[in-house]
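For the sequence shown, this note's numbering assigns the number -15 to the initial residue and increments by one for each residue that follows.
Heads up, the beta-carbon is just placed ideally off N, CA and C, and yes, glycines get one too.
Note that the structure is predicted; figures quoted are calculated from it, not measured.
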Amino acid sequence: MFGLQACQGNSEPKPIKYGSEQCAYCKMTISDARFGTQLQTKKGRVYNFDDVQCMISFVKESNVKKEEVAAYFLPDYSSNKLLPADKMFYLKSEELKSPMRGNIAAFEKTEDLEKAKAELGGTALSWEDLWK
């Protein structure tokens, strides 16, 4: 029974080593905690990325199949805390200037997204929108 638990992924994000760890997709150093993302597989493998666009491209190119993914984590733009991607709200704005120019930030609360949108402009998106 314990062996099965170990293979099912952890559903808790692992710390990202900002400034020294490389993006699993583009190989750039992950340096901005507002945009670093994480994917965990059902087997417990962890992949870190410097931008949500790198994470999505990594999956779309079948480096890891979507059905093998246990969890996606993105940082709350306000606190940098990694949270489950499907529970967050997204803003795409050219003013965000993310590492790979995906220019997408994630927010835990809609109020924080609306505040950022008022300051930076842009478009609110859903998790599903990011995959289109």
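By how many angstroms is the C-alpha of residue j removed from the C-alpha of residue i?
i: Asp16; j: Gln6; result: 12 Å
i: Leu109; j: Ser4; result: 30 Å
i: Met72; j: Ile88; result: 12 Å
i: Val30; j: Lys116; result: 24 Å
i: Lys81; j: Glu98; result: 18 Å
i: Gly86; j: Ser(-5); result: 25 Å
i: Trp111; j: Lys1; result: 25 Å
For residue i versus residue j, is the C-beta spacing smaller than 8 Å?
i: Thr25; j: Ala69; result: no
i: Phe135; j: Pro(-3); result: The chain is shown only over -15 to 116; residue 135 falls outside these bounds and no answer can be derived.
i: Leu114; j: Val43; result: no
Provide the residue span of the beta strand (DSSP E) that contains residue i, from first to last.
i: Val48; result: That residue, Val48, is in no beta strand (DSSP E); it is neither H nor E in DSSP.
i: Phe19; result: Segment: none, Phe19 is in no beta strand (DSSP E) and carries neither H nor E.
i: Tyr56; result: Val53 to Pro59
i: Pro68; result: Leu66 to Pro68
Is DSSP giving residue i helix, strand or coil here?
i: Gln(-8); result: Note that Gln(-8) scores 43 on pLDDT, short of 50, meaning its location in the model is unreliable and no value can be drawn from it.
i: Lys93; result: coil
i: Lys76; result: strand
i: Ile88; result: strand
i: Ala108; result: strand
Just tell me which of the options has its CA closest to the CA of residue i.
i: Leu66; options: Phe19, Lys116, Lys11 and Met12; result: Phe19
i: Ser62; options: Ser77, Gly106 and Asp96; result: Asp96
i: Glu78; options: Lys27, Gly105 and Ile40; result: Gly105
i: Pro(-1); options: Tyr74, Asn32 and Tyr9; result: Asn32
i: Gly28; options: Glu52, Asn47 and Tyr9; result: Glu52
i: Leu23; options: Leu80, Pro83 and Lys49; result: Lys49
i: Thr94; options: Leu75, Pro83 and Glu112; result: Leu75
For residue i, report the span of its alpha helix (DSSP H) as first-last.
i: Trp111; result: Trp111 to Leu114
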